[in-house]
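A.B. asks: With the UniProt record's numbering, the residue at position 388 of the sequence shown is 388, and numbering never jumps.
The structure that follows is given in the form of structure tokens.
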Amino acid sequence: MDVDTDSSSSSSSDSHDEELEKFKQDELKKKIDALENKIITNPSDYDAHVELIGILRNANDFDSLRIARKRLNEKYPLSPDLWLDWVKDEIGIATTDEEKAHVTALFEKGVKDYLSIDLWLEFLQFSIGCMSDTTGTDKVRELMERALQAGSLHVTNGNFLFEVYIEFEKLILMTLKQDTDEKAIQNEKAIQNEKAINDQKCCINNLFRRQLSVPLFNMENTYAEYQQWLALENVEKDKSVENCYNKALSKLQKIQVFEDRLLSKESKNRQDLYEEYINWEKNPKEGGNKPNRILCLYERAIADIPLSESLWVDFIDYIAKTIKDVDYILETCKRSVANCSWSLELWITYLTQAEAYNQSHEDITAIMEKALCSWFSSPTEYRSLYLSYIYYLRRRLNHDLDAETKIKRIQDIRSMLEQGQKFLFGSYGCSGDPNCELLLWWTEFEAIITGDMERVRTLWNEILNYGLNQYSSYWMKYINIEIQFGDQKHVRKIFSRALMTNTDSPEIIGTEWMKYETLYGDLDSFSICKEKYKIRIKQIQELQENKQKYENKVETKDKEAKKRKWEERESSNKFNEKSNGNFKVPYAKKDLIEKTDASPVKKLRTTEMTLDKGGRHLEVEGKENRSIFVSNLDFAVTELDVKDALSSVGHCEVLLVRDFKGRSKGFGYVLFEKPEMVAEALKKDRELVNNRPMFVSKCEPDKQIRTSGLRFPTQLEKNKLFVKGLPYTYTKIDIENIFKPYGSLKDVRVVTFRNGHSKGLAYVDFEDEISAAQALLKTDNMVVHDKTISVALSQPPERKNPSENKIPYPPVAKFRSQVPSLLIGRRDHARTKLSLTPSVLQKKSLLTAPSTSTSGNDKTALSNDDFRKMLLGNK
Numbered sequence: 001m002d003v004d005t006d007s008s009s010s011s012s013s014d015s016h017d018e019e020l021e022k023f024k025q026d027e028l029k030k031k032i033d034a035l036e037n038k039i040i041t042n043p044s045d046y047d048a049h050v051e052l053i054g055i056l057r058n059a060n061d062f063d064s065l066r067i068a069r070k071r072l073n074e075k076y077p078l079s080p081d082l083w084l085d086w087v088k089d090e091i092g093i094a095t096t097d098e099e100k101a102h103v104t105a106l107f108e109k110g111v112k113d114y115l116s117i118d119l120w121l122e123f124l125q126f127s128i129g130c131m132s133d134t135t136g137t138d139k140v141r142e143l144m145e146r147a148l149q150a151g152s153l154h155v156t157n158g159n160f161l162f163e164v165y166i167e168f169e170k171l172i173l174m175t176l177k178q179d180t181d182e183k184a185i186q187n188e189k190a191i192q193n194e195k196a197i198n199d200q201k202c203c204i205n206n207l208f209r210r211q212l213s214v215p216l217f218n219m220e221n222t223y224a225e226y227q228q229w230l231a232l233e234n235v236e237k238d239k240s241v242e243n244c245y246n247k248a249l250s251k252l253q254k255i256q257v258f259e260d261r262l263l264s265k266e267s268k269n270r271q272d273l274y275e276e277y278i279n280w281e282k283n284p285k286e287g288g289n290k291p292n293r294i295l296c297l298y299e300r301a302i303a304d305i306p307l308s309e310s311l312w313v314d315f316i317d318y319i320a321k322t323i324k325d326v327d328y329i330l331e332t333c334k335r336s337v338a339n340c341s342w343s344l345e346l347w348i349t350y351l352t353q354a355e356a357y358n359q360s361h362e363d364i365t366a367i368m369e370k371a372l373c374s375w376f377s378s379p380t381e382y383r384s385l386y387l388s389y390i391y392y393l394r395r396r397l398n399h400d401l402d403a404e405t406k407i408k409r410i411q412d413i414r415s416m417l418e419q420g421q422k423f424l425f426g427s428y429g430c431s432g433d434p435n436c437e438l439l440l441w442w443t444e445f446e447a448i449i450t451g452d453m454e455r456v457r458t459l460w461n462e463i464l465n466y467g468l469n470q471y472s473s474y475w476m477k478y479i480n481i482e483i484q485f486g487d488q489k490h491v492r493k494i495f496s497r498a499l500m501t502n503t504d505s506p507e508i509i510g511t512e513w514m515k516y517e518t519l520y521g522d523l524d525s526f527s528i529c530k531e532k533y534k535i536r537i538k539q540i541q542e543l544q545e546n547k548q549k550y551e552n553k554v555e556t557k558d559k560e561a562k563k564r565k566w567e568e569r570e571s572s573n574k575f576n577e578k579s580n581g582n583f584k585v586p587y588a589k590k591d592l593i594e595k596t597d598a599s600p601v602k603k604l605r606t607t608e609m610t611l612d613k614g615g616r617h618l619e620v621e622g623k624e625n626r627s628i629f630v631s632n633l634d635f636a637v638t639e640l641d642v643k644d645a646l647s648s649v650g651h652c653e654v655l656l657v658r659d660f661k662g663r664s665k666g667f668g669y670v671l672f673e674k675p676e677m678v679a680e681a682l683k684k685d686r687e688l689v690n691n692r693p694m695f696v697s698k699c700e701p702d703k704q705i706r707t708s709g710l711r712f713p714t715q716l717e718k719n720k721l722f723v724k725g726l727p728y729t730y731t732k733i734d735i736e737n738i739f740k741p742y743g744s745l746k747d748v749r750v751v752t753f754r755n756g757h758s759k760g761l762a763y764v765d766f767e768d769e770i771s772a773a774q775a776l777l778k779t780d781n782m783v784v785h786d787k788t789i790s791v792a793l794s795q796p797p798e799r800k801n802p803s804e805n806k807i808p809y810p811p812v813a814k815f816r817s818q819v820p821s822l823l824i825g826r827r828d829h830a831r832t833k834l835s836l837t838p839s840v841l842q843k844k845s846l847l848t849a850p851s852t853s854t855s856g857n858d859k860t861a862l863s864n865d866d867f868r869k870m871l872l873g874n875k
């Protein structure tokens with residue numbers, strides 16, 4: 001019976017353990033899946049990669065672990081600890097030569113990422129274990145020398161590399177001695193072995209000498225070990241070793257203070273310590289300025305602080321000036337951008353060094369493509385990157401080239417300039433290149449290198465259309481290029497255009513034009529120039545006078561409005577004082593608003609006739625039925641751009657409202673020939689003009705009743721899909737490419753902010769409901785450029801009228817009914833009776849209240865004294 005009970009208990013325990021283990025496995029799988037999804041969503045999430053590798057390693061899922069490690073290594077350099085874990089796991093299963101070669105390849109990659117003495121020691125141990133014959137011994141020695149070259153000057157850990165090397169050579173010496181004892185009978189071979197033993201002792205002696213010549217930790221112990229070995233092997237002591245040892249020991253004492261501070265965990269700013277240490281080593285009088293020691297220090301600093309941009313910049317600058325080892329410099333540049341991929345300076349340095357050391361055009365282009373895939377923080381950085389690469393492309397024209405090759409390379413430059421321009425303005429709008437640096441450089445390139453002045457003029461027209469035509473400095477740049485490389489006809493044409501444009505300094509343009517005519521023109525051209533300049537100055541003066549008159553008029557009206565408001569308030573206050581004695585009734589803001597007319601300033605603004613840049617007027621008052629109001633325009637948009645956008649509607653006049661400097665305010669008026677054109681124009685609402693939605697509304701002076709021309713349905717539309725979660729860089733074409741495979745599209749509308757930047761939302765209109773349904777099933781939760789999009793049938797919420805949200809003013813009767821009777825009853829300790837009725841209504845209620853006289857037939861009007869007594873509660 002007891003046996004059965006124990007058996008049952010044991011079985012129950014085993015079942016519980018199995019359930020617990022299954023639960024743990026399920027939880028672990030969920031966590032792994034969650035991390036995998038996180039990495040798919042954001043491949044740059046370094047912490048998620050590392051966490052996943054740790055979990056897979058604990059779960060002994062070796063195949064998935066290897067994939068995860070390779071994926072992380074493709075994206076980032078691995079830390080020494082991650083490399084050690086990886087190679088140890090691979091060594092544990094490496095049995096064949098192929099598998100061991102794979103481990104060796106991993107070691108080779110690992111030692112290139114960062115300087116790690118521990119990883120080098122593991123590499124050496126593995127190589128010694130794989131050694132099989134004399135050829136293997138040579139390979140191990142070669143690897144030992146590489147390890148010493150990389151880390152023998154590492155003050156704290158470099159001695160470990162020497163110790164492994166010396167122990168390895170001692171092992172070989174021991175093997176030679178054993179062979180000599182076994183073959184002592186054969187004299188000839190014994191002599192050969194004796195020579196090999198002596199050579200081996202010399203090799204070990206040299207290693208000790210090299211170790212004792214370097215300032216390393218535990219030097220005293222190493223020197224004592226060396227003395228013992230000399231005595232044991234009966235080897236004569238070399239006096240030079242002692243001298244080298246003393247010098248190294250003296251140097252160690254000097255740098256001990258730096259090493260102790262670096263070893264201290266309390267040290268917060270380690271980069272400052274490394275920089276101080278490196279500068280000390282660079283000083284010939286202090287550290288001796290030994291390049292190998294400085295390189296080792298830089299490598300130690302990089303391994304300790306791999307994400308320091310300034311440290312990488314200093315490192316590359318030093319080796320480029322001092323070492324001049326092509327492979328080492330380019331490898332260091334590659335490592336730097338792998339660690340600090342966000343650094344524009346490091347990417348440009350990489351491009352520059354690759355060009356300096358005559359790398360192939362394909363290799364340099366590959367570097368540029370990788371740089372463009374990095375996430376820089378501002379358009380300025382992207383612009384600088386494009387310009388740096390374009391400068392390289394221009395320098396390729398310096399070589400002796402045949403005509404065909406030169407044409408091709410010029411076309412490469414143009415293509416890159418065009419690509420950069422599209423990227424900057426497509427991604428950042430006008431802020432991508434606000435001063436048109438790319439286009440300005442392009443104009444000079446075409447003028448100086450190709451001599452294509454027609455292309456120069458086209459580019460300059462594009463620059464001026466971006467809104468830079470208001471600056472006289474840009475006009476003068478254009479004019480100077482035309483003077484140098486163009487002809488007099490176009491120079492005078494540009495001068496004339498610039499003078500008649502509203503610029504910040506028209507006087508400069510006029511003066512320069514007259515100066516030009518004195519140098520290149522005749523009397524007629526000088527007279528024409530002088531007359532145009534005179535007319536323009538007169539126009540400017542008239543505009544300034546009109547502006548001053550308008551400002552004075554506004555100021556006068558404003559003062560009159562304030563004065564009238566003050567007089568009405570004072571009059572009301574006096575009336576209240578007369579009616580209520582000493583009790584002053586506050587003036588009602590609502591009554592003032594109802595009694596006072598619209599503000600004269602606002603009234604003036606709604607009826608004013610706007611001046612355009614030529615001094616003409618555009619009268620829209622009384623013509624609202626054939627006028628529209630356009631707003632939210634980019635400041636660089638011109639009247640011509642608006643006309644082009646509305647060209648399909650019909651002929652129109654456009655005037656953009658500008659400030660006193662002639663700069664557009666982003667809104668204006670459009671007057672059509674016929675009233676029926678307005679309805680068509682309203683359909684253009686939110687159409688993109690210069691990558692920014694243009695708002696179109698009816699021309700109403702009052703903003704409160706001004707309505708947008710665009711109206712979207714709010715009911716459920718089964719043939720239209722609403723998409724959210726899109727990448728902000730996606731254009732209409734990109735979205736069309738996603739949904740085209742599922743049916744014919746009627747339209748795609750990208751929802752944007754006022755500045756034209758995408759909100760990540762879009763409406764996709766299909767020709768039929770079946771196509772829309774199919775697209776909904778296929779694309780919902782689709783991953784697009786690391787973002788998961790959400791797709792649903794379109795049914796926008798109805799917009800509420802803002803006036804519906806306003807709380808109406810409560811009627812007096814209702815307001816009074818809500819006042820608790822306890823509060824309006826008489827209070828024994830109060831001198832006055834206060835009602836909760838709004839103060840402005842108290843006067844009216846008192847004047848219309850029935851008499852409180854005991855005589856019902858007394859109809860005599862109450863005097864001011866009677867009112868006072870009633871308010872003060874005097875009987």
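Here a beta-carbon is modelled for each residue, glycine too, at the ideal position from N, C-alpha and C.
Suppose only complete runs of 4+ residues qualify. What are the alpha helix (DSSP H) ranges in the stretch 311-382, listed by chain order?
C.D. replies: The stretch 311-382 contains these whole alpha helix (DSSP H) runs: 326-339, 344-356, 361-372.
A.B. asks: Secondary structure at residue 471, three-state DSSP: helix, strand or coil?
C.D. replies: Here residue 471 refers to the residue found at position 471 when the sequence shown is read from its first residue. DSSP places residue 471 in coil when its eight states are reduced to three.
A.B. asks: Beta-carbon within less than 6 angstroms of residue 442's beta-carbon, same chain only, minus the 5 sequence neighbours each way: which residues are those?
C.D. replies: For the purposes of this step, residue 442 is taken as residue 442 along the sequence shown, with counting starting at 1. These residues qualify, in order along the chain: 417, 459.
A.B. asks: Let me know if residue 90 comes out buried or exposed under the rule of 16 or more other beta-carbons within 10 Å of its beta-carbon.
C.D. replies: As a position in the sequence shown, residue 90 is number 90, starting the count at 1. It is buried - the Cβ of residue 90 has at least 16 other Cβ atoms within 10 Å.
A.B. asks: Less than 6 angstroms between C-beta atoms, sequence neighbours within five positions excluded: which residues of the same chain meet that for residue 769?
C.D. replies: Position 769 of the sequence shown holds residue 769. 718, 719, listed in sequence order.
A.B. asks: Quick check on this structure: which residue in 455, 410, 463 has the alpha carbon closest to the alpha carbon of residue 435?
C.D. replies: Translated into positions along the sequence shown, residue 435 becomes position 435. The candidate whose alpha carbon is nearest that of residue 435 is 463.
A.B. asks: Could you give the first and the last residue of the continuous alpha helix (DSSP H) run that contains residue 296?
C.D. replies: As a working note, residue 296 is residue 296 in the sequence shown. Element bounds for residue 296: 291-304.
A.B. asks: Considering only C-alpha positions, which residue in the set 664, 721, 163 is nearest to residue 502?
C.D. replies: Locating residue 502 in the sequence shown gives position 502, counting from the first residue. Checking every option, the nearest Cα to that of residue 502 belongs to 664.
A.B. asks: For the stretch 245-290, which segments carrying the alpha helix (DSSP H) assignment without a break, of at least 4 residues, lie completely within its bounds, in sequence order?
C.D. replies: The stretch 245-290 contains these whole alpha helix (DSSP H) runs: 270-282.
A.B. asks: Return the CA-CA distance between residue 346 and residue 230, expressed in angstroms with no decimal places.
C.D. replies: Taking the first residue of the sequence shown as position 1, residue 346 is located at position 346. Taking the first residue of the sequence shown as position 1, residue 230 is located at position 230. Between residue 346 and residue 230, the C-alpha separation is close to 51 angstroms.
A.B. asks: Nearest-angstrom Cα distance between residue 235 and residue 115?
C.D. replies: Your numbering for residue 235 matches position 235 in the sequence shown. Your numbering for residue 115 matches position 115 in the sequence shown. Near 35 angstroms, if we compare the C-alpha coordinates of residue 115 and residue 235.
A.B. asks: Note down, one range per segment and in chain order, each alpha helix (DSSP H) of at least 4 residues found wholly within the stretch 55-99.
C.D. replies: As far as the stretch 55-99 is concerned, its whole alpha helix (DSSP H) runs of at least 4 residues are 62-75, 80-93.
A.B. asks: What does DSSP give as the partner residues of residue 763 in its beta bridges?
C.D. replies: Working through the sequence shown from its first residue, we reach residue 763 at position 763. Note: residue 763 sits in a beta bridge opposite 722, 749.
A.B. asks: So the candidates are 80, 49, 61; which of them puts its Cα closest to the Cα of residue 877?
C.D. replies: The structure shown does not extend to residue 877, since the chain is modelled only from 1 to 875, so the question has no answer here.
A.B. asks: Using the Cα positions of residue 356 and residue 386, report the straight-line distance between them to the nearest angstrom.
C.D. replies: Your numbering for residue 356 matches position 356 in the sequence shown. Your numbering for residue 386 matches position 386 in the sequence shown. So the two alpha carbons sit approximately 18 angstroms from each other.
A.B. asks: Who are residue 658's beta bridge partners in DSSP?
C.D. replies: Residue numbering aside, residue 658 sits at position 658 when the sequence shown is read from its first letter. Paired residue(s): 664.
A.B. asks: Cα separation between residue 94 and residue 56?
C.D. replies: Stepping through the sequence shown from its first residue, residue 94 is reached at position 94. Stepping through the sequence shown from its first residue, residue 56 is reached at position 56. Each residue's Cα considered, the two are about 19 angstroms apart.
A.B. asks: Taking 9 angstroms as the threshold (beta carbon to beta carbon), is residue 374 in contact with chain B?
C.D. replies: Chain labels in this structure do not include chain B; a single protein chain is all it has.
A.B. asks: Take every Cβ of the stretch 624-639, pair it with every Cβ of the stretch 473-488, and state whether three or more of those distances are shorter than 8 angstroms.
C.D. replies: Output reads no: the stretch 473-488 does not touch the stretch 624-639.
A.B. asks: Given a cut-off of 9 angstroms, decide if residue 107 and residue 121 are closer than it, judged by their beta-carbon atoms.
C.D. replies: The residue you call residue 121 lines up with position 121 of the sequence shown. The residue you call residue 107 lines up with position 107 of the sequence shown. In this structure, residue 107 does not lie closer than 9 angstroms to residue 121 by Cβ.
A.B. asks: Out of 278, 294, 88, 63, state which residue places its alpha-carbon closest to the alpha-carbon of residue 153.
C.D. replies: By one-based count along the sequence shown, residue 153 stands at place 153. Looking at the Cα atoms, 294 is the closest of the given residues.
A.B. asks: From which residue to which residue does the beta strand (DSSP E) around residue 792 run?
C.D. replies: Residue mapping note: residue 792 aligns to position 792 of the sequence shown, counting from 1. Residues 790-794.
A.B. asks: From residue 25 to residue 52, what does the alpha carbon distance come to, in whole angstroms?
C.D. replies: Numbered from 1 along the sequence shown, position 25 holds the residue referred to as residue 25. Numbered from 1 along the sequence shown, position 52 holds the residue referred to as residue 52. Near 15 angstroms, if we compare the C-alpha coordinates of residue 52 and residue 25.
A.B. asks: Going straight from the alpha carbon of residue 559 to that of residue 565, what length do you get?
C.D. replies: Translated into the one-based positions of the sequence shown, residue 559 becomes position 559. Translated into the one-based positions of the sequence shown, residue 565 becomes position 565. The straight-line gap from Cα to Cα measures roughly 10 angstroms.
A.B. asks: Find out if the Cβ-Cβ distance for the pair residue 775, residue 725 is shorter than 9 angstroms.
C.D. replies: In the sequence shown, counting from the first residue as 1, residue 775 sits at position 775. In the sequence shown, counting from the first residue as 1, residue 725 sits at position 725. Cβ distance not < 9 angstroms, so residue 775 and residue 725 don't count as in contact.
A.B. asks: Decide if residue 892 is buried, meaning its Cβ has at least 16 other Cβ atoms within 10 Å, or exposed.
C.D. replies: The question about residue 892 has no answer, for the chain in this structure spans 1 to 875.
A.B. asks: Helix or strand or just coil, what does DSSP make of residue 672?
C.D. replies: Sequence index remark: in the sequence shown, residue 672 carries index 672 (1-based). Strand, per DSSP.
A.B. asks: Would you mind stating whether residue 772 and residue 723 have Cβ atoms separated by less than 9 angstroms?
C.D. replies: Taking the sequence shown and counting its residues from 1, the one referred to as residue 772 is at position 772. Taking the sequence shown and counting its residues from 1, the one referred to as residue 723 is at position 723. It is not a contact, given that the beta carbons lie outside the stated cut-off.
A.B. asks: Quick check on residue 652: does DSSP put it in helix, strand or coil?
C.D. replies: Here residue 652 corresponds to residue number 652 of the sequence shown, with the count starting at 1. Of the three classes helix, strand and coil, the one that applies to residue 652 here is strand, per DSSP.
A.B. asks: With DSSP as the reference, identify every bridge partner of residue 557, one or two as the case may be.
C.D. replies: Within the sequence shown, numbered from 1, the residue matching residue 557 stands at position 557. According to DSSP, residue 557 bridges with nothing at all.
A.B. asks: Determine the contact status of residue 672 and residue 632, defining contact as a CB-CB distance below 9 angstroms.
C.D. replies: Taking the first residue of the sequence shown as 1, we reach residue 672 at position 672. Taking the first residue of the sequence shown as 1, we reach residue 632 at position 632. Going by C-beta atoms, residue 672 is not nearer than 9 angstroms to residue 632.
A.B. asks: In angstroms, rounded to a whole number, what distance separates the CA positions of residue 497 and residue 454?
C.D. replies: Against the sequence shown, residue 497 aligns to sequence position 497. Against the sequence shown, residue 454 aligns to sequence position 454. Computed Cα separation, rounded: 17 angstroms.
A.B. asks: Grab the span of the alpha helix (DSSP H) containing residue 627 for me, first residue to last.
C.D. replies: One-based indexing of the sequence shown puts residue 627 at position 627. No alpha helix (DSSP H) holds residue 627; the beta strand (DSSP E) holding it covers 627-631.
A.B. asks: Which class does residue 153 belong to by DSSP, given the choice of helix, strand or coil?
C.D. replies: Here residue 153 corresponds to residue number 153 of the sequence shown, with the count starting at 1. Reduced to three states, the DSSP call for residue 153 is coil.
A.B. asks: Where residue 27 and residue 353 are concerned, what is the direct C-alpha to C-alpha distance, given to the nearest angstrom?
C.D. replies: Here residue 27 is taken as the residue at index 27 of the sequence shown, counted from 1. Here residue 353 is taken as the residue at index 353 of the sequence shown, counted from 1. C-alpha separation (whole angstroms): 50 angstroms.
A.B. asks: With distances taken Cα to Cα, identify the nearest neighbour of residue 500 among 518, 512, 540.
C.D. replies: Taking the first residue of the sequence shown as position 1, residue 500 is located at position 500. Here the closest residue by C-alpha is 540.
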